[in-house]
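First the structure, in the form of structure tokens, and then the observations on it.
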Amino acid sequence: MKKTNKLSLKSLIFSNLWGFMVPVFLGLVASLAGVALLGVSGWFISAAGLATALGAHLSFNYLTPGAIVRGLAIFRTAGRYGEQVSAHNHLLGLLRTLRLWVWDRRVEQDATNLQQQSKGDLLQRLVNDLDMIIRWPLVVFLPWLYALLSYVAMAVFAYFLQADLLYPIAVCGFFHLLIIPYLAGHYARQAVHIGQVLGVYRRSRFVSVFSALITLTIRGHWQEYAQRLGYLDEKQKIKEAAIQNAVSAGRLGAYCVTIMLLVVSFYVLAFFDSESQRWSLVEGVKGTWVVGFVLAVLALNELVLPLAQAFVAQGQSQVGLHRLNQLQTSCTSSTAKTAHDDFKVHQLSFKQWHGFHAVNGMGNKPLDLDIYLGDRLWICGSSGSGKSTLLAAMAGDCLSKGEVFVNGDKCDLFGNETYQKQVSYLPQSPYVFQQSVAANLRLGKEDATEDELWEVLEAVALAEWARALPNGLATLLSFQGRDLSGGQRKRLVLARLLLRNVPVLLLDEPFDGLDTASIRCISHALQHDFRPNILVLVSHVSSSLGDSAKKIEL
Amino acid sequence: MQKKKAAKQTGRAKTPEAIFLNQLAESQSARYRAAKGIGSLFVVALVVQAWAFAHVFAELALHQSFSMLFLFLGLSALWLRAFLSFLRERVCTSASRHIRYDLRKKLLSHLTKLGPARSRIDEDAALSTRVYEQVDALDDFFSRYKPQVFMVVLIPCAILLSVAPISWIALGVFITTAPLVIVFMIFVGHKAAQANRRQFNVLAMLSNQFMDLSVGLAELKRLGKTQQAKSRLSDSSGEYQRTTMNVLYLAFLSTATLELFASLSIAMIALYLGLGLLESLPWQVGESPVPLAQAMFLLLLAPEFYLPLRQLGNDYHAKQKAEAATTDLMAIINTEIAIVRSSNLKEENTSRDNALICFENLSWQESGRQRLAAITGSIYEGERVWLSGESGIGKSSLLYLLLGFDAAYQGQLSVKGRHLSELLTCPQTLSKWRRSLAWLPQTPEWVNGSIRRNLLLGITPPTELAIEDALLKSQCDEFIKPLPDGLDTALTEIGTGLSGGQMQRLSIARALLSGAEVWLLDEPCSGLDQETAQSVLATLEQASKGKTVLVVSHDTHPIYWADKHWSLTQGGLYEEDKQAIA
Numbered sequence: 001m002k003k004t005n006k007l008s009l010k011s012l013i014f015s016n017l018w019g020f021m022v023p024v025f026l027g028l029v030a031s032l033a034g035v036a037l038l039g040v041s042g043w044f045i046s047a048a049g050l051a052t053a054l055g056a057h058l059s060f061n062y063l064t065p066g067a068i069v070r071g072l073a074i075f076r077t078a079g080r081y082g083e084q085v086s087a088h089n090h091l092l093g094l095l096r097t098l099r100l101w102v103w104d105r106r107v108e109q110d111a112t113n114l115q116q117q118s119k120g121d122l123l124q125r126l127v128n129d130l131d132m133i134i135r136w137p138l139v140v141f142l143p144w145l146y147a148l149l150s151y152v153a154m155a156v157f158a159y160f161l162q163a164d165l166l167y168p169i170a171v172c173g174f175f176h177l178l179i180i181p182y183l184a185g186h187y188a189r190q191a192v193h194i195g196q197v198l199g200v201y202r203r204s205r206f207v208s209v210f211s212a213l214i215t216l217t218i219r220g221h222w223q224e225y226a227q228r229l230g231y232l233d234e235k236q237k238i239k240e241a242a243i244q245n246a247v248s249a250g251r252l253g254a255y256c257v258t259i260m261l262l263v264v265s266f267y268v269l270a271f272f273d274s275e276s277q278r279w280s281l282v283e284g285v286k287g288t289w290v291v292g293f294v295l296a297v298l299a300l301n302e303l304v305l306p307l308a309q310a311f312v313a314q315g316q317s318q319v320g321l322h323r324l325n326q327l328q329t330s331c332t333s334s335t336a337k338t339a340h341d342d343f344k345v346h347q348l349s350f351k352q353w354h355g356f357h358a359v360n361g362m363g364n365k366p367l368d369l370d371i372y373l374g375d376r377l378w379i380c381g382s383s384g385s386g387k388s389t390l391l392a393a394m395a396g397d398c399l400s401k402g403e404v405f406v407n408g409d410k411c412d413l414f415g416n417e418t419y420q421k422q423v424s425y426l427p428q429s430p431y432v433f434q435q436s437v438a439a440n441l442r443l444g445k446e447d448a449t450e451d452e453l454w455e456v457l458e459a460v461a462l463a464e465w466a467r468a469l470p471n472g473l474a475t476l477l478s479f480q481g482r483d484l485s486g487g488q489r490k491r492l493v494l495a496r497l498l499l500r501n502v503p504v505l506l507l508d509e510p511f512d513g514l515d516t517a518s519i520r521c522i523s524h525a526l527q528h529d530f531r532p533n534i535l536v537l538v539s540h541v542s543s544s545l546g547d548s549a550k551k552i553e554l
Numbered sequence: 001m002q003k004k005k006a007a008k009q010t011g012r013a014k015t016p017e018a019i020f021l022n023q024l025a026e027s028q029s030a031r032y033r034a035a036k037g038i039g040s041l042f043v044v045a046l047v048v049q050a051w052a053f054a055h056v057f058a059e060l061a062l063h064q065s066f067s068m069l070f071l072f073l074g075l076s077a078l079w080l081r082a083f084l085s086f087l088r089e090r091v092c093t094s095a096s097r098h099i100r101y102d103l104r105k106k107l108l109s110h111l112t113k114l115g116p117a118r119s120r121i122d123e124d125a126a127l128s129t130r131v132y133e134q135v136d137a138l139d140d141f142f143s144r145y146k147p148q149v150f151m152v153v154l155i156p157c158a159i160l161l162s163v164a165p166i167s168w169i170a171l172g173v174f175i176t177t178a179p180l181v182i183v184f185m186i187f188v189g190h191k192a193a194q195a196n197r198r199q200f201n202v203l204a205m206l207s208n209q210f211m212d213l214s215v216g217l218a219e220l221k222r223l224g225k226t227q228q229a230k231s232r233l234s235d236s237s238g239e240y241q242r243t244t245m246n247v248l249y250l251a252f253l254s255t256a257t258l259e260l261f262a263s264l265s266i267a268m269i270a271l272y273l274g275l276g277l278l279e280s281l282p283w284q285v286g287e288s289p290v291p292l293a294q295a296m297f298l299l300l301l302a303p304e305f306y307l308p309l310r311q312l313g314n315d316y317h318a319k320q321k322a323e324a325a326t327t328d329l330m331a332i333i334n335t336e337i338a339i340v341r342s343s344n345l346k347e348e349n350t351s352r353d354n355a356l357i358c359f360e361n362l363s364w365q366e367s368g369r370q371r372l373a374a375i376t377g378s379i380y381e382g383e384r385v386w387l388s389g390e391s392g393i394g395k396s397s398l399l400y401l402l403l404g405f406d407a408a409y410q411g412q413l414s415v416k417g418r419h420l421s422e423l424l425t426c427p428q429t430l431s432k433w434r435r436s437l438a439w440l441p442q443t444p445e446w447v448n449g450s451i452r453r454n455l456l457l458g459i460t461p462p463t464e465l466a467i468e469d470a471l472l473k474s475q476c477d478e479f480i481k482p483l484p485d486g487l488d489t490a491l492t493e494i495g496t497g498l499s500g501g502q503m504q505r506l507s508i509a510r511a512l513l514s515g516a517e518v519w520l521l522d523e524p525c526s527g528l529d530q531e532t533a534q535s536v537l538a539t540l541e542q543a544s545k546g547k548t549v550l551v552v553s554h555d556t557h558p559i560y561w562a563d564k565h566w567s568l569t570q571g572g573l574y575e576e577d578k579q580a581i582a
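Right, dumping it as structure tokens:
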């Protein structure tokens, strides 16, 4: 079942090869036209000047070069425009593909891994990584390719001018295209890597220190802790300077190589004429062509300059890519479990069964339990007895040991989708999506009518709150339901579960942070209109719902 | 408000963001001046290089030979140009670094001052994103866009000056196209900027949607809606791609126009020069307006004339990015804590009797929202008070006021006979007051490190004996002793490994060790089950004997041992019957 769906920079290019070829082609046209524009203009003007000096200006064909110059200008512009548009189109497509890729990888994960990943800022980093990686073809690969092909084109031109020029061009190309980008990238990569590690550390440090801010402040010792945070920042600053210096030095290096190329080219093309005390061109080399060549080299220099920076960016992409690939944990879960789709849970029995967390193996003590249709269970116990873990395991969200029989058939609950379709589980910290109230509720039942929505809101004592909202049910909730209190969030998610109307309802501390009136209202609803076939309640707050249920002490 | 006024005075509609960015840039004005100086030298090198090369080229074309002097001059100028832009880059990036790291320090110290009020801006993890990522998002603006604005003026002007004596027609081409370019940049660029900004927002929204669905993925899986969410993601990015591309066609058109102008003017100048050299200009047949060397000079300068403008166009998104980030950063800076109180309050130095803490008509309103209704009451030394009330009524706000993190209250609040606002104006008295406090919030505050380090957080290390005593009184020894590493067991910031009750007990031990006289507790029992809560409260009763205690707790967790029970409502503070407690 293992999939080797690894992401690499190469696969980024090949994911939509034809879509990628368009900007490559257009960019190439633009780059070559840019180099040629300067070269041809230079040649044209010097040739024109020469023709006049020789008195041949009347027979000089200026129409063709003139047309070529204008044509190149238009090609360069149209090419750039086309490249930018198609490259961005490609990039957006890539972003979509990558996001769905990450999404699929995450859907494949089992519940434990998923929880691990949703914690902290890991996800935020993933999103940033995605934005970073998709730029790779545009920022790194394409400029390099353009520079390479322009070099090739220039080499061809140089071959016709003077074949000996090929050697310095090859050497300089080697430096420009490989050595300098490699050195800049290599030197910066370490700093990029350390910088990223420092960044993660600094951030966790920030969160850690700020979470104790008040204690530290009132004890008057905040200063020292802030200083240490500042020290980390200072280190980061040094790394950043190193990266920026690598980029600047890379550009300076590229300039120097260009100058060397010009010096050597002149040396190859000219000799010192002791008669006239001047440097003259060797036999068979036309001065006008040399002018074109030098100008083309200068134009090429502009294409080579961004490469050092590009390869520093590559370091960043690679770190991001590495992190994305870590998403792929080997998922060995087999999907086929209990068969037939239309089964309804009417009996659950557990033998020597206990749920536990993968991280630390903590959980409840093994227990035997039989639950039948119509049963209501109230699980209580002191904190640390594993109530929540037991409930999560019952929901198939947490690992478990022992035997479970659903309707008399032995099966495995963890990640069992068929079973989970029959179960609604309210976790301790439920999730509210950044959508409207109605959309949040309709995740439970897609085609729920307005009346049905109000009905469940009444049931969880949220109707009054919803009516007071500026846009009623269409009010958009903030990210992670931040504008709701903990109790409101719980009740909203409970309402969503009630809409789902499935046989088994598992509630983890539904009454936490609620006032007595709301508790009474919810208890009433769960005993009457919204009574599930099987209810398991974990709570340390007493309620009429709990009183009417079978009490199990852990 | 002042900033807005300042903007009006300058007569230009500057956004507060732009003003803020400019203020930041001021702090590095020396570096930016140096960058300008280097930039000016750069322009000189540029012109010299073009001039020297032009001579070499002319001689090459006409005589098949060249003078080494000019070649050497040209190559040296080229190298100087490279070196100067290297220097300029270093100066600009270091200016940007200094601005950003100083700003970050400022943000950190501001957040510290805000204390609990920072939660009004965002939660800690999101604040860390602002302080780190968003500040770094300003980099391109300060290192590239800002210095480039100067070069955009300087380079074309310098080139115009050097072209003027040579050819009026070339000068004319430059002068007529430059405003066209600029006008076009303003017209199309403005539209493009709007589109760009919209795109930026939509992109952020899309990222947000992806984040939101990803964080809630576990819930979606339970609901069996992953496929639906995926198609939603796919649809919205597909839709986004289409709409954005429509916007981008226009946005890139502005760059393309710039490019076209640049390319066509280069071609135009090349043609004009070429035809002129051939003596075939329709209006000047038979004579050459510009000799070859000078024609070459013009040709070499032509692309340089448009280059800075094009670069500025490319860097424009840096400005957009910076302004978007600035909005977030200003939200932090502009969240003020008011430490302003007129001194006329001093006159009536009323500490009712000799109460330790005394409120009189104390209320707290913030941006129109009532955080605390007007209350009156006093707490005497050694008294233990239970404060209850509905959630959101202002119980925690009262504690924050006492901690000295805000002074924008109405009415009077005095501690130890002095007004709190008066204490806040002087750092010494404030820290003295704060040192006498112990703070026990809902979720105890922890830093990464050992239990010992957390217990001694911010206090001078007491003797082992004192620690043991505190652990005994808070009943921590029961669970610390069995730990293999004892007090040196590591705690992470979420305190994994210990239960909520155990964490609260550690909090009590810490309060004991600090020797604080006044304990402020914010719902110490929330999230604990009844039994654990009872035993924590019992420990608390023993441990807090002789201290002045203000404990906030819901009715569900009554504090039977309190001397007073206050109930806070919209209408104010009511002292409940003591019988009701017992």
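So the sequence lines, in the order shown, correspond to chains P and S.
Here the first sequence is numbered in this note's numbering, starting from 1 and rising by one per residue.
Here the second sequence is numbered in this note's numbering, starting from 1 and rising by one per residue.
C-beta: ideal position from N, C-alpha, C; glycine also.
Counting only Cβ-Cβ distances below 7 Å, residue 246(S) has no contacts in chain P at all, with the closest Cβ about 11 Å away. Under the three-state reduction of DSSP output, residue 534(P) falls in the strand class. 236, 237, 240, 241, 244, 245, 247, 248, 249, 251, 252, 254, 255 and 256: these are the residues of the segment 236 to 256 of chain P whose beta carbon lies less than 9 Å from some beta carbon of chain S, given in chain order. Residues 406, 407, 419, 422, 423, 503, 504, 533 and 534 of the same chain have their beta carbon placed closer than 8 Å to that of residue 345(P), with the five preceding and five following residues left out of the count. Between residue 150(S) and chain P, the shortest Cβ-Cβ separation is not below 9 Å. Taking a contact to require three or more Cβ pairs closer than 8 Å, the segment 18 to 29 of chain P and the segment 85 to 101 of chain P qualify as touching.
Restricting attention to beta strand (DSSP E) runs no shorter than 3 residues, the segment 359 to 394 of chain P encloses them at 367 to 372 and 376 to 380, ordered along the chain.
For residue 80(P), the residues of chain S that pass the 8 Å Cβ criterion are 255, 256 and 259, in the order they occur in the chain.
Taking C-beta atoms as the reference points, residue 387(P) and residue 380(P) count as a pair closer than 9 Å.
Here the segment 91 to 105 of chain P makes no contact with the segment 54 to 70 of chain P; the two share fewer than three CB pairs at distances below 8 Å.
The beta-carbon of residue 446(S) is placed less than 9 Å from the nearest beta-carbon of chain P. Between residue 365(P) and residue 352(P), the alpha-carbon positions lie close to 9 Å from each other.
The segment 239 to 259 of chain S and the segment 70 to 90 of chain P touch, with no fewer than 3 CB-CB distances between them shorter than 8 Å.
With contacts defined by Cβ atoms closer than 9 Å, residue 379(S) and residue 547(S) do not form a contacting pair.
Between residue 104(P) and chain S, the shortest Cβ-Cβ separation is below 9 Å. Taking one beta carbon from each stretch, the segment 46 to 56 of chain P and the segment 276 to 284 of chain S have 3 or more pairs nearer than 8 Å; the two touch. Cβ-Cβ distances below 7 Å link residue 104(P) to nothing in the same chain once the five nearest sequence neighbours on each side are left out. Pairing residue 288(P) with residue 187(P), the inter-Cα distance amounts to about 42 Å. Going by beta carbons, residue 301(S) and residue 163(S) fall inside the 9 Å limit. One alpha carbon belongs to residue 461(P), the other to residue 524(S), and they sit about 27 Å apart. Among the CB atoms of chain S, none fall inside 9 Å of the CB of residue 548(P). If you look at residue 524(P), you'll find it in the alpha helix (DSSP H) that goes 516 to 527. In this structure, the alpha-carbon of residue 103(S) lies about 29 Å from that of residue 139(P).
142(P) is the residue among 128(P), 37(P), 142(P) and 15(P) whose C-alpha sits nearest the C-alpha of residue 24(P).
The C-alpha of residue 35(S) is placed about 58 Å away from the C-alpha of residue 499(S). Using a CB distance cut-off of 9 Å, residue 68(S) counts as an interface residue toward chain P.
When C-beta distances to chain P are compared with 8 Å, the residues of the segment 212 to 226 of chain S below that value are 212, 213, 214, 215, 216, 217, 218, 219, 220, 221, 222, 223, 224, 225 and 226, in chain order. The count of Cβ pairs closer than 8 Å, one atom from the segment 105 to 124 of chain S and one from the segment 291 to 307 of chain P, stays below three, leaving the stretches out of contact.
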